[in-house]
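Per mature numbering (1 follows the signal peptide of the UniProt record, and there is no 0): the sequence shown = residues -20 to -1, 1 to 528. All C-beta atoms in this analysis are idealised placements derived from N, C-alpha and C, irrespective of residue type, glycine included. Remember, predicted model here, so these are calculated numbers, not experimental data. The structure under discussion appears below in the form of structure tokens.
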Amino acid sequence: MLTRLSSLLLSIAILPLVDAVDPLVNLGYSQYRGVTRETGVTEWLGIRYAAPPLGELRWRAPTAPIQNNTFIDADTHGPICLPTPGTNNTGASEDCLYLEVWAPSTTTTESKLPVYLFIQGGGFNVLSSANYNATGLIQASETNIVVVSFNYRVGLYAFLASQEIVDNGSTNVGLLDQRMVMEWVQQYICLFGGDPSHVVLGGDSAGSASILLHMMAYGGRDDGLFQAGIAESATFGNMLNVSQSQYQYDTVIERVGCGYDKVQDTLGCLRGLNASFLQENNINIPYSNIGAGANAPIYMYQPTLDGDFITDYTYKLLQQENFVKIPIIFGDDTNGGTVFTPHNTSTYAEMDEFMLEQWNALTPSQLETMNSLYPPADIYPDSGGLWRTIANANGEMRIMCGSMAVGSALSVYGDAGSWVYRYNVMDPIQMSQGLGVPHTIELVAIWGPENLIWGPYGVVAGTPPASYFPGGVNAAAVPMMQAYWTSFIRSYDPNTYRLPGTPEWGQWTVWGKQRIVLQTNATVTEVVDYGQHSRCAWLEAIGLLTQQ
């Protein structure tokens, strides 16, 4: 007996002991001291992932962080990136390339937990989902995931494109920032207990568009940086090429005194200006081809078709099968267009004017067809008779139809699995305002209302709707959504760990066109109705002409 006991004690003694991840993490270039919360989650905020993109580093690909041998308390979010237009710079700075990590406090460096890498939205011109807290997601996963979110350059500082920048800089640096974070995760996430070979990209709005752009980056090259994706309130914007974008650059340099008639090196002149002066002159302008008196698009700067990172339009790359095949969730909200369209729209002429201001390649005949496809819809107080009509048209063109196109392409060309959703959780106040179920509102249920810090650039202003908090009519939507989402993050399938009693989420196929309708205590599966299917088929058919 003694011999057996001695052997047991010896075997225990020689077992490798793996401690929980220390809040003090050494990244080589800096050491960050995180904070362990009573929630069982440790967080590291304000971690630099790249050098400050200032001066000569403006409009260049991100570079490695500067060596800093001091201990840094990672208890405060870094500033978010400067927006376009530059009228509200609250909490923003040009020195903004920071990320945050959340991990279960019991995690060890051997845990190799799935990683959820979240790309925030904001139309590529602002950062609208900054400083969210991942505690709710980690708890919903039964402490089985690690979460990373981050800032990336937007607007003027991210997507200004011209021949000068091609010759002496980098285009699409906002997307290159995102790529830098993916590479950072590959190198460092193991120090936080994450698995670099199990990375699920997440994103809302422009963040969801970013996921698709990374799937198609460099012609669909797979660099092994991610294994799955969740695209929330997915968007399908239009893109200009470098020559079509030149007018934006030319306008900026004239406005700030760096014009061709004043200096020889216009880009060097721009890099020498201070950010405050640039922000004073960071103003949206209309497309150059739509005539005097037009308004600027809602989001002026967009990713550029540069022939390098982005080799062609999204619809064309889908048709050519030039994308990384991964398991993916794509979806949107029932009324995704309501927050973007003018409430006072009363005539089809006004609708045509707005649509052309957003989609400068639309032709008169296409606008005429669009008007026939979108008849007058419901009328709401304090709004024009065609507000919901224009919201439906712009919403399907920019948001809803793209989700189905991606789902169909993946079902035809890949076997990794694609799931499509329509989020239809109705908040009483938003319904009474005529917003319906608006763009990105599913974020409230995914992260949990208490974990959202809605800054000045949120799509839907104010605090998260009261109906999502405990005791509210939509409180049950939170655990349902978190279970589907964390199940996918953990297993690449939303059904594996879904909430008991919730329906199985079937995969999308190009033939079946079935998606899940996510609702409070009433989630069901639906087949896309003929009307939306036919409208989306037409929008997809003109997608290359509208530069999508």
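Buried or exposed (CB count within 10 angstroms, at least 16 for buried), residue 315 = Classification of residue 315: buried, given that the 10 Å Cβ count is 16 or more.
C-beta atoms of residue 354 and residue 372 nearer than 7 Å | With respect to residue 372, residue 354 sits close: the two C-beta atoms are nearer than 7 Å.
Local Cβ density within 10 Å of residue 22, reported as buried at 16 or more and exposed below that | buried
Presumed contact (8 Å Cβ cut-off) between residue 339 and residue 399, rounded CB distance = Contact doesn't hold; Cβ gap of about 29 Å is too wide.
Would you report the Cα separation of residue 524 and residue 336, rounded to the nearest angstrom?
-> 16 Å
Three or more C-beta pairs closer than 8 Å, one from the stretch 325 to 336 and one from the stretch 223 to 237: is that the case here?
-> In this structure the stretch 325 to 336 does not lie against the stretch 223 to 237, because fewer than three pairs of beta carbons, one per stretch, are closer than 8 Å.
Mind pulling the alpha helix (DSSP H) runs of 4 or more residues that sit fully within the stretch 336 to 386?
-> 344 to 353 and 367 to 375
For residue 31, which of helix, strand or coil comes out of DSSP?
-> coil
Residues bridged to residue 208 by DSSP?
-> 180
Apart from the five residues just before and just after residue 269, which ones in its own chain have a Cβ nearer than 7 Å to its Cβ?
-> 340
If you run the structure through DSSP and keep just helix, strand and coil, what is residue 234?
-> In this structure, residue 234 counts as helix in the three-state DSSP scheme.
DSSP beta-bridge partners for residue 549?
-> An answer regarding residue 549 cannot be provided, because it is not within the stretch -20 to 528 covered by the chain.
Report buried or exposed for residue 151, applying the criterion of at least 16 other Cβ atoms within 10 angstroms of its Cβ.
-> buried
Helix, strand or coil: which one does DSSP assign to residue 115?
-> helix
Give the single residue among 110, 137, 217 and 370 whose Cα lies nearest to the Cα of residue 70.
-> Here the closest residue by C-alpha is 110.
Is the Cβ-Cβ distance between residue 249 and residue 384 less than 7 Å?
-> no
Complete alpha helix (DSSP H) runs within the stretch 75 to 136 (minimum length 4 residues, chain order) | Entirely contained in the stretch 75 to 136, the alpha helix (DSSP H) runs reaching 4 residues are, in chain order, 115 to 120.
For residue 522, which three-state DSSP category applies?
-> Three-state result, residue 522: coil.
Counted within 10 angstroms of its Cβ, other Cβ atoms place residue 509 as buried (16 or more) or exposed | exposed
In three-state DSSP terms, what is residue 451?
-> coil
Following the continuous alpha helix (DSSP H) through residue 167, name the residue where it begins and the one where it ends.
-> Counting along the chain, the alpha helix (DSSP H) containing residue 167 begins and ends at 153 to 168.
Identify whether residue -1 lies in helix, strand or coil by the three-state DSSP scheme.
-> strand
Below 7 Å between beta carbons: does that hold for residue 346 and residue 522?
-> Yes, they are a contact pair.
I think residue 103 touches residue 214, with their Cβ atoms under 8 Å apart; what is that distance to the nearest whole Å?
-> That belief does not hold up - the Cβ atoms of residue 103 and residue 214 are roughly 13 Å apart, past 8 Å.
Compute the Euclidean distance between the alpha carbons of residue 294 and residue 34, then round it to the nearest angstrom.
-> 31 Å
When we look at the beta-carbon of residue 184 and count the other beta-carbons within 10 Å, is it buried (16 or more) or exposed?
-> buried
Reduced DSSP secondary structure (H/G/I, E/B, other) of residue -8 = A caution first: residue -8 carries a pLDDT of 40, below 50, which makes its placement in the model unreliable, though a value can still be read off. Of the three classes helix, strand and coil, the one that applies to residue -8 here is helix, per DSSP.
Going by the beta-carbon positions, is the gap between residue 616 and residue 253 smaller than 7 Å?
-> Residue numbering for the chain in the displayed model covers -20 to 528; residue 616 lies beyond these limits and cannot be assessed.
Helix, strand or coil: how does DSSP classify residue 16 here?
-> If DSSP states are grouped into helix, strand and coil, residue 16 belongs with the strands.
Helix, strand or coil for residue -15 per DSSP?
-> For residue -15, the pLDDT reaches just 45, beneath the cut-off of 50, and the residue's location in the model is therefore unreliable, leaving the point undetermined.
Rounded C-beta distance between residue 404 and residue 498? I'm assuming under 8 Å.
-> 6 Å
Just grab the DSSP bridge partners of residue 11 for me.
-> 6 and 51
For residue 147, the first and last residue of its enclosing alpha helix (DSSP H) = 143 to 148
Cβ-Cβ separation, residue 99 to residue 182 (assumed contact under 8 Å), whole Å | Going by Cβ atoms, the distance from residue 182 to residue 99 rounds to 7 Å, so yes, they are a contact pair.
With DSSP as the reference, please indicate the residues paired to residue 400 in a beta bridge.
-> Under DSSP, residue 400 takes part in a beta bridge, and its partners are 310.
Three-state secondary structure (DSSP) at residue 484?
-> Here residue 484 carries a coil assignment [DSSP, helix/strand/coil].
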